[in-house]
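In order, the protein sequences belong to chains R and P. Note that the first sequence ends on residue 256 in the numbering used here; no numbers are left out. Note that the second sequence ends on residue 256 in the numbering used here; no numbers are left out.
There are 2 protein chains.
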Amino acid sequence: MKFSIAEENYIKAIYHLQQADGNVTTNELAAELNTKAASVTDMLKKLKTKKLLNYEKYQGFRLSAEGRKIALGIVRKHRLWEYFLVEKLQFGWDEVHAVAEELEHITSKKLIDKLDAFLDYPKFDPHGDPIPDSSGRMAAQKHINLIDLPLNEPAEIVSVGSQSTELLELLRHKNLSMGVIVEVKRKFSFDHSIEIKIKSQSPFIISQQLAQALFVKKI
Amino acid sequence: MKFSIAEENYIKAIYHLQQADGNVTTNELAAELNTKAASVTDMLKKLKTKKLLNYEKYQGFRLSAEGRKIALGIVRKHRLWEYFLVEKLQFGWDEVHAVAEELEHITSKKLIDKLDAFLDYPKFDPHGDPIPDSSGRMAAQKHINLIDLPLNEPAEIVSVGSQSTELLELLRHKNLSMGVIVEVKRKFSFDHSIEIKIKSQSPFIISQQLAQALFVKKI
DNA sequence: TTAATTTTTTAGATTTGTCTAAATTTTATT
DNA sequence: AATAAAATTTAGACAAATCTAAAAAATTAA
């Protein structure tokens, strides 16, 4: 079955809200989509008849198994395009969201699978969010950006925001690579640089740009 | 000004028809877009109020200067995406059109200019059609696919449908490169292979796949 | 040059997704 | 538990893009 862009946007928004909330409400969804509660009610009815939603009126709602499957397909497309934009087209990680919102509605399954292969099956997008594979499976949790890691909590470097040679060169120079355990010692608000420490090395400072390109998992 | 997908599809279709025809008629356009004449009339009125069209009722129509500018922007996007699909994602040149029809409506100007740079500013798409640059300029005529070149008419190789190493390897092996003058001597309908001749060399046969990856200009 | 045919436009309806305003249901408060 | 407040749904309207059927204009043919 095929869905309109409006339907897809609703499905995706419900998916994201129910990740955080469990059950989603009409007003919540209206706020998320910058629309009115009445419009949401109309669309909920439609999605319910298409069996994408478990919904009884006045009750709140969540996606059905089928609805989640559709949502994961959209999330996959969104995150793969974001990765493409940053990795191949040199967009900044903070400017890709709006473009990916459009690209995620392109319908060709073949396109997205070929894009996935071209990008070498990335597991996380440039914001650290996991990318579902072609059967909808993905890593359980979002990676934390190193810049958001609280002070003095050891964490393992698990992913980089880009494969650019410039980044890889800098990482090698600083002895940073996958699996290394880091701890944030200080944060400098002037330029958002951070002081980090690697086991059995004295602390050193890395820039905001570098910290934002590193993702970690608390241990 | 921004345009809906429907409007963009009309603008592009009018552009293509007027390339061939000069003046475009309502029925022609309806046939091109698989729609009804009444729907076309409605859209023509709208495009006229937006000053994209020179149109008086019952008279036929063409794009205004502004309309042509919009059309060239859409054509640029379509052909760059086709090139991307073939060159980077390994689509066949004959299966990219439908996907590019969707991708051409993505609105970001930055996206398309970065894509152009990533692809190294290609001048022709995989079908031999010229790609407008970011200010709308493009080569005057379409390249002819070598497979469509009539017998015994000398022509110059001006473009290849892909930059893949596999193709380049084969071209080097056969002494084919930009600027070489070729002539088609025979066409074999069984496998669509063709016998070609290069100046001061004896004729040899090339496959359908290779012939379709070569574009020529009659001399 | 009048009549027949074709093309084009108008009129009115339909679908999708949205809105406002009013009505209904649920939840919170006294 | 009764009532006030908040959330949700219904009713009715609107814009975009399409359609069918009928009317009007242009073209072709007798």
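C-beta atoms are modelled at their ideal positions from N, C-alpha and C, and glycine is treated no differently. Please read these numbers as outputs of a predicted model, since none were measured by experiment.
Does the beta carbon of residue i come closer than 8 angstroms to any beta carbon on chain P?
i	result
residue 40 (chain R)	no
residue 183 (chain R)	no
residue 149 (chain R)	no
residue 45 (chain R)	no
residue 152 (chain R)	yes
Any heavy atom of the ligand SAM inside 7 angstroms of the beta-carbon of residue i?
i	result
residue 239 (chain P)	The ligand SAM is absent from the structure shown, which contains no ligands of any kind.
Between which two residues does the beta strand (DSSP E) harbouring residue i extend?
i	result
residue 222 (chain R)	218-224
residue 152 (chain R)	No beta strand (DSSP E) contains residue 152 (chain R), which is instead part of the alpha helix (DSSP H) from 146-155.
residue 92 (chain P)	90-92
Since residue i contacts residue j with CB under 8 angstroms, what's their CB separation in whole angstroms?
i	j	result
residue 180 (chain R)	residue 253 (chain R)	7 angstroms
residue 155 (chain P)	residue 126 (chain R)	5 angstroms
residue 176 (chain P)	residue 163 (chain P)	So it is not a contact: roughly 15 angstroms between Cβ atoms.
residue 64 (chain P)	residue 97 (chain P)	In fact, because the Cβ distance is near 10 angstroms, the residues do not count as touching under 8 angstroms.
residue 221 (chain P)	residue 233 (chain P)	6 angstroms
residue 256 (chain R)	residue 191 (chain R)	6 angstroms
residue 250 (chain P)	residue 198 (chain P)	4 angstroms
Please decide whether residue i counts as near chain R, where near means a Cβ-Cβ distance under 8 angstroms.
i	result
residue 204 (chain P)	no
residue 125 (chain P)	yes
residue 128 (chain P)	yes
residue 117 (chain P)	no
residue 145 (chain P)	yes
residue 136 (chain P)	yes
residue 139 (chain P)	yes
residue 155 (chain P)	yes
For residue i, which of the options has the nearest alpha-carbon?
i	options	result
residue 56 (chain R)	R:99, R:68 and R:72	R:99
residue 239 (chain R)	R:229, R:228 and R:212	R:212
residue 214 (chain P)	P:124, P:86, P:200 and P:145	P:200
residue 54 (chain P)	P:204, P:192, P:70 and P:44	P:70
residue 224 (chain R)	R:43, R:120, R:186 and R:90	R:186
residue 118 (chain R)	R:83, R:158, R:80 and R:105	R:158
residue 196 (chain P)	P:90, P:88 and P:120	P:120
What residue range is occupied by the uninterrupted alpha helix (DSSP H) comprising residue i?
i	result
residue 99 (chain R)	No alpha helix (DSSP H) holds residue 99 (chain R); the beta strand (DSSP E) holding it covers 98-100.
residue 64 (chain R)	63-69
residue 313 (chain P)	Shown here, chain P extends from 38 to 256; a query on residue 313 (chain P) therefore has no answer.
residue 232 (chain R)	That residue, residue 232 (chain R), is in no alpha helix (DSSP H); its beta strand (DSSP E) goes 231-235.
residue 78 (chain R)	74-86
residue 210 (chain R)	202-210
Using the DSSP secondary-structure output, state which residues sit across from residue i in a beta bridge.
i	result
residue 50 (chain P)	According to DSSP, residue 50 (chain P) bridges with nothing at all.
residue 251 (chain P)	P:197
residue 161 (chain R)	R:167
residue 241 (chain P)	P:233
residue 57 (chain R)	For residue 57 (chain R), which the question treats as bridged, DSSP gives no partner whatsoever.
residue 181 (chain R)	R:253
residue 192 (chain R)	R:219 and R:255
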